[in-house]
Amino acid sequence: MIPLLSELSPIQSKYLAFIERLKALAFSGDTNPDYANRVVLSTDNSIYQVLPQGVIYPKNTQDLQLIATLSNEPEFHDIVLSPRGGGTGTNGQSLSDGLIVDVSKYMNRILEINVAEGWARVEAGVVKDQLNKAVKSHGLFFAPELSTSNRATIGGMINTDASGQGSVTYGKTRDHVLELTTVLLDGSLLTSGPIDEATLESIQSGSDYSAHAHRIVDSIQKSKQQEIKDTFPDLNRCLTGYDLAHIRTDKGMFNINSVLCGSEGTLGFIAEAKVNLLVIPTYAALVNIRYNSFEASLRHARELLAAKPTSIETVDSKVLGLAKNDIIWDSVSMFFPDKANEDIQGINLVEYTGNNEQEVADKIKVLTDNLDILTKQGNSSALGYTIAMGHSDVNKLWAMRKKSVGLLGNAKGEKRPIPFVEDTAVPPENLADYIMEFRAVLDSYGVQYGMFGHVDAGVLHVRPALDLKDESQEPMIREITDKVVSLTQKYNGLLWGEHGKGVRSEYSPSFFGNLYPSIQQVKGAFDPRNQLNPGKIATPFELGADLLKIDQVPLRGQFDRQIPIQNRDQFKEGMYCNGNGACYNFDPNDAMCPSWKGTRDRRHSPKGRSSLMREWLRGMSSKGVDTTQASKDAKESNFLITFIPRLKNTIAKRRGTYDFSHEVHDSMMGCLACKSCVGQCPIKVDVPEFRANFLELYYSRYLRPVKDYLVGSLEFMMPIMAIAPQPYNWIISRRWINQLSSKYFGLVDSPALSKLNLKKEMSRRGIRLATPLAIEALSPKDRKRAVIVIQDAFTSYFETELVLDTMEMLTRLGFQAYLAPYLPNGKPLHVHGFMKAFQKTARKNLDMLQSLSFYGLPFVGIDPSMTLTYRSEYMKTFSDSRQVPQVQLMQEWLATKTEHLSKQPLSLDGSVYHLLTHCTEKTNAISSIKDWQSVYKTLGLELIIENVGCCGMAGTYGHESANKETSKKIYDLSWKEKVNNPELAGKLLATGYSCRSQAKRLDDASIPHPAQVLLQHLRIASSS
């Protein structure tokens, strides 16, 4: 039995007092001093980990003003406040040991779009891709490009003055900020943009923080013009934040936004922004050039710039190799052909955009003609090139490039590429020489690294691979950084090219030089008591406070090394999360991550759950717990003997006894176990796996709810209930029964059993059971056409008609179809952490499958989630001890039989259908989605894949009372619109049982499986 975890880092009394006062002031947002929220927001995408005192989620600008006004009261002058957006920073910008003010949860509304004038007004929590999706139909876009654009907030972009691919053409975030609404620390509201002298003088005549700040900034700009010119480099990626070089516009107007953009929350709370929108280029293309050395790709960039592309991005072989093992490769592999004797060490992605295809083609021809000539002369450093024409293909390649950061985090082993010197910027003409010296520095330490970036802007992202759990490697952070700083200055560059300063602010004085005291004056004007994100960029001159130092802020590795290796290994699926935040994807049509999308609660995300799991393991380890032994003990424990102690602990829980395990449990129970994280997270975080291991241990201390036993026994009870389904169906159809079930059992809206009895229908319809005797009787010819369909509980007993239709479809297609005997798969047991029962069930099922696999016939499954269990949960459990037979998805197998299918005497009518795919299927077996299209096309039908997220059901998740509302919210995000679209009526198909069940429950829509529609057409074809 695991111990109680109650001795944790308590919140300081002054912060509790601040939160209570805030609530008393009619604050409308959320205040969260709980440990789980604090832990989840203690990390970002950096190497650091800082535990805040609490987390505040304001709902509007008035809430931000309440926070600021309260902090201005004498008793709260030492309260630290740190704004936070998407939390994707790589330098600890939003980490704080004070209060985190997270605007992303509620302040994410697009307030106004002015198409005629080309601008939008948004709240700070709006995500970049969210804005671009809203304005795309108007032919507009918000230009600064980021690899994290699907979760980076506009407020966060402004606070780091973010930029990325295409910045040479489109500039940085500040170049597109027209107006800002900022809450200053005295509670006043500053609306800022370019102003004339009269307006400036009027503002300066006031007595509030805004007036003082305008006076200070104006004075510095006027009195330090030469120093400013000498200090701020003439680079595309000039110094971000406190940018005194651009206080005056080209027309001489005063614009304090140049100070605010890039200030990292150290000057005020950005509440709203009016941003410029550009016209989307009508056409785009990429020339993808391959090189035999990374240096060659860098040196060629200068020549490529002469061809005037929109942007040039470089990726090294390390990143490219990791991409090949990721879900993303399936969409881009055709652009990187495998050729004999070609060792690709670097690639350049050269982008061209224009108003029509011919314009772009003409631009590309200038480049490719030159490449072809050099190749013929033998003077080319390039191995070859491919061309991606059109936005569709170009976006696929940019998606791969965007994923580079996360892919590096998925390198094998304990040493993983990490960010601490990753966004230096030098003049592009110096980049190749600079990088060669940079590599020499890293090589001198014997570290591996990955590189990618924006060669046209002189920015390359470099991530050395270190294991900070190893204390001996920690000093390299300081040593390498110091050498890189010197090297960057040697080449007239900057340490901070685009990802902000954050903890690396200690180098600000050396880069700002004699101008640094003036920068401190600016900080003091906005934040005289150093309350806003202190220690970053600058400290008030008058206080003499220190900047943060890179080796004096707690590292995540320092916490992780407190967890013994056996505990880390058992929960390795969550240990390697690097905080890249891919799970915070805003897009409702993306499968990742439904519980985050449905709640907007960071605890209910893969990153949040990984953070909580790491902290929980650290707590258990501090108590001397070996979790592997605890799991073994849990499996061997006697239910009756442990019942009384678990009952006592459960009663104590209900009486309010604190245990951090409860907060972790709450987070885990919000997971749908859809496994989208496994397929889409670049680090391959697997929440369902470590969740199952956690639940096994949690319930060794506490009693399980009744619903867990009901769900866990479902696969075993259904064959019995299916003998006479009428009584069960009558019971669950009563409203009062449903209410009682919800209240006492925690289950709601239970689905009805099929009225058809599978065994009887098999006998009536001549469907053959797969037995060794039956298979041995097959002739060699028939055996080549034979296939065994593996049953699952959900389709066999809730959708018996589907199983029967599938068998008939296969038979009509000329196959010898056999149905395997039914045995429980064990998936529901695994989901709820019944690990002992799962292993026992899976072993028995494997015994049956292996007895049939002897004959070499293919196995296929109908339901994606249950079928993919064999290549996921089964493989993780048994791969070291026994062979797990291959069980293919139906379409995967059919797609290999296109030659056979094309010979069938069929003439289908070319009907068009639209497919809604299961989350697990489209994220963990992505190529299989195209397989359905291939099969349909071969048989004379057209299948269009609809872009939707999760349906919100996920097995039994949606049937659990506690999850019903979230389940519905998730469904409403993307499925509801498709299911109720009159243009799609009668044309929708769905592969997942859960998905069809959810559509039936919430919209009373009956959506068939792709196999059933094929059968309909086969019947028509055979009768005509």
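Residue numbers (the numbering used here): 121 to 1144. Here a beta-carbon is modelled for each residue, glycine too, at the ideal position from N, C-alpha and C.
Residue i to residue j span [Cα, whole Å]
i, j, result
"A1110", "Q568", "45 angstroms"
"S1047", "D436", "26 angstroms"
"P593", "M740", "Rather than Pro, the amino acid found at residue 593 in this sequence is Gln. One C-alpha to the other measures close to 25 angstroms."
"G238", "S322", "29 angstroms"
"R824", "C794", "22 angstroms"
"K879", "P845", "14 angstroms"
"H1137", "L1028", "7 angstroms"
"K179", "D249", "21 angstroms"
"P153", "K1042", "38 angstroms"
"F414", "R676", "31 angstroms"
"P401", "L1093", "29 angstroms"
"S378", "E618", "15 angstroms"
"D553", "E1097", "54 angstroms"
"N709", "R688", "34 angstroms"
"M733", "L586", "22 angstroms"
"F261", "L251", "8 angstroms"
"M454", "K444", "12 angstroms"
"Y917", "V923", "9 angstroms"
"Q672", "G953", "40 angstroms"
8 angstroms Cβ cutoff met for residue i and residue j
i, j, result
"Y505", "L517", "no"
"V623", "G212", "yes"
"C797", "P714", "no"
"I432", "L425", "yes"
"G218", "T280", "no"
"L652", "L171", "no"
"P547", "G578", "yes"
"G866", "S1081", "yes"
"V1055", "Q1003", "no"
"I467", "I484", "no"
"N66", "N698", "This structure gives no information on residue 66, because the portion of the chain shown stretches from 121 to 1144."
"V247", "A282", "no"
"S1114", "G1075", "yes"
"T430", "T473", "yes"
Residue i classed as buried or exposed, judged by whether at least 16 other C-beta atoms fall within 10 angstroms
i, result
"H581", "buried"
"W1145", "Since the first residue shown for the chain is 121 and the last is 1144, residue 1145 is missing from the structure and cannot be characterised."
"F389", "buried"
"L893", "exposed"
"V399", "exposed"
"R722", "buried"
"T210", "buried"
"K947", "buried"
"I851", "exposed"
"A1105", "exposed"
"F979", "buried"
"G934", "exposed"
"I887", "buried"
"Q690", "buried"
"F974", "exposed"
Whole-angstrom C-beta distance between residue j and residue i, which should lie under 8 angstroms
i, j, result
"V288", "A421", "Not quite, the Cβ-Cβ distance comes to about 11 angstroms (not below 8 angstroms), so this is no contact."
"V407", "V470", "4 angstroms"
"A331", "Q324", "6 angstroms"
"G174", "Y226", "Not really, about 17 angstroms apart at Cβ, beyond 8 angstroms."
"P941", "F836", "Not confirmed; about 15 angstroms, so no contact."
"V395", "L298", "6 angstroms"
"S267", "K522", "4 angstroms"
"A906", "Y864", "That belief does not hold up - the Cβ atoms of A906 and Y864 are roughly 48 angstroms apart, past 8 angstroms."
"L125", "D779", "6 angstroms"
"Q686", "T777", "Actually they do not touch by this definition, with Cβ atoms about 29 angstroms apart."
- [ ] With a floor of 4 residues, list each alpha helix (DSSP H) that falls wholly inside the segment 842 to 923, ordered by position along the chain.
- [x] 845 to 853, 855 to 860, 878 to 885, 892 to 896, 900 to 904 and 913 to 917
TODO: Let me know the alpha helix (DSSP H) ranges lying completely inside the segment 529 to 576, each 4 residues or longer, listed in chain order.
DONE: 551 to 564
Task: Those runs of the beta strand (DSSP E) which lie wholly inside the segment 917 to 975 and span at least 3 residues - done: 936 to 939
- [ ] Could you pull out every unbroken alpha helix (DSSP H) segment of at least 4 residues lying fully inside the segment 670 to 721, listed in chain order?
- [x] 676 to 680, 685 to 690, 692 to 695 and 714 to 719
TODO: Counting only runs of 4+ residues fully inside the segment 228 to 302, write out the alpha helix (DSSP H) ranges in chain order.
DONE: 248 to 256, 274 to 280 and 287 to 290
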